[in-house]
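Going down the list, the protein sequences come from chains D and A. Counting along the first sequence from 1, when you hit position 100 you're at 100 in the working numbering, and nothing is skipped either side. Count along the second sequence starting at 1, add 113, and that's the number in the working numbering. Where a beta carbon is used, it is the ideal one built from N, C-alpha and C, also for glycine.
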Amino acid sequence: DAMVIQNPRYQVTQFGKPVTLSCSQTLNHNVMYWYQQKSSQAPKLLFHYYDKDFNNEADTPDNFQSRRPNTSFCFLDIRSPGLGDAAMYLCATSLAISTDTQYFGPGTRLTVL
Amino acid sequence: AQKVTQAQTEISVVEKEDVTLDCVYETRDTTYYLFWYKQPPSGELVFLIRRNSFDEQNEISGRYSWNFQKSTSSFNFTITASQVVDSAVYFCALSEARAGRRALTFGSGTRLQVQP
C-alpha cells in the first residue's frame, strides 16, 4: 500500500542535542510538509517542499531545518532542541500545492530531557 | 484571512448515539476546499473527506455523513450509531485555491469520546 512512513515513532533527545526525524513516501507526491503539533492543539505548518523548492513559514524558528535529498525522503533537523520543542512531528504529502489532499504519516513524538 | 472554528472542544456520547461535530469557516475566496481529518490516540491524521466550494451536495459514507452549507459557512460532520472506535480528535480544515496558498488552516479540533 502506498503510504507515508515516519521514523522513529518515538524519539528522546537531550536539551541542546541535535536530532533528525525522517519521513519517506511511496505515493510519488511532489509536495512534502512538516507540521508540529503540541498537546491539545492543531497541527502547525513548519515548512514544505514542492519538489526541491523549499518554503519556510514566516514564524518557523531558525532552529528547525529540513532536507529533501530526493522525491521519496524528507528530513527534519532540530539543531538545538529546547524543552518547548517537545511535540508530535507530522509529515504529510500531497500531489500538488494548495487544495490537494494532504496525507499524513503516523508522526514522531519527540521528548526533550 | 481564513479561519476555521470548531466550537465544541469535547463531546462525550454513549455507543450507538448519533453525534454531530460542528465546523464553521471564514474565507474571502470563492474557490476553496474543506476537509475533515480524524486523529485517533495513535496520533496519525487520517483523511476522511475533501469537498470543494462549488459542490454543496451532502455526502454519506457508511455511518459518516457531511452537511455542507455555504449560506451559513458550515461543514458539519455526523456520525450515526457511534462506536467506541470513533473515539478520536476530529479536525476540520480549509484550503484556499488562489495562487500561492499551500497551507491547511485547521480548526482547534473536537475530542469525541464514545463510551461503551
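CB contact below 8 Å: residue i versus chain D
i	result
L225 (chain A)	no
R164 (chain A)	no
L134 (chain A)	no
F160 (chain A)	yes
E169 (chain A)	no
F188 (chain A)	no
Residue i at chain A interface by Cβ criterion, 8 Å
i	result
Q102 (chain D)	yes
P116 (chain D)	For chain D, the structure presents residues 1 to 113; residue 116 (chain D) sits outside this window and is missing.
R109 (chain D)	yes
L87 (chain D)	The sequence given here places Ala at residue 87 (chain D); Leu does not occur at that position. Not closer than 8 Å to any Cβ of chain A, the Cβ of A87 (chain D) fails to qualify, so no.
Beta-carbon spacing of residue i, residue j below 8 Å
i	j	result
V132 (chain A)	V126 (chain A)	yes
V4 (chain D)	Q37 (chain D)	no
L207 (chain A)	T218 (chain A)	yes
F47 (chain D)	E57 (chain D)	yes
A42 (chain D)	G222 (chain A)	yes
F204 (chain A)	Y138 (chain A)	no
F237 (chain A)	L147 (chain A)	Lying outside 114 to 229, the shown extent of chain A, residue 237 (chain A) is not represented and no answer is given.
A96 (chain D)	N30 (chain D)	yes
Y103 (chain D)	F160 (chain A)	yes
Q115 (chain A)	T144 (chain A)	no
Q152 (chain A)	V202 (chain A)	yes
Distance between beta carbons of residue j and residue i, contact taken as under 8 Å
i	j	result
L76 (chain D)	F15 (chain D)	Not really, about 18 Å apart at Cβ, beyond 8 Å.
G107 (chain D)	E130 (chain A)	Rounded, the Cβ-Cβ distance is 30 Å, inconsistent with contact.
E209 (chain A)	D142 (chain A)	5 Å
One or two residues paired with residue i in a DSSP bridge
i	result
A201 (chain A)	A:L225
In chain order, which beta strand (DSSP E) runs of at least 3 residues are fully inside the stretch 145 to 175 of chain A? 145 to 152, 159 to 165, 172 to 174
At 3 residues or longer, and completely inside the stretch 16 to 89 of chain D: list those beta strand (DSSP E) runs for me, N to C. 19 to 25, 31 to 37, 44 to 50, 53 to 56, 64 to 67, 73 to 78
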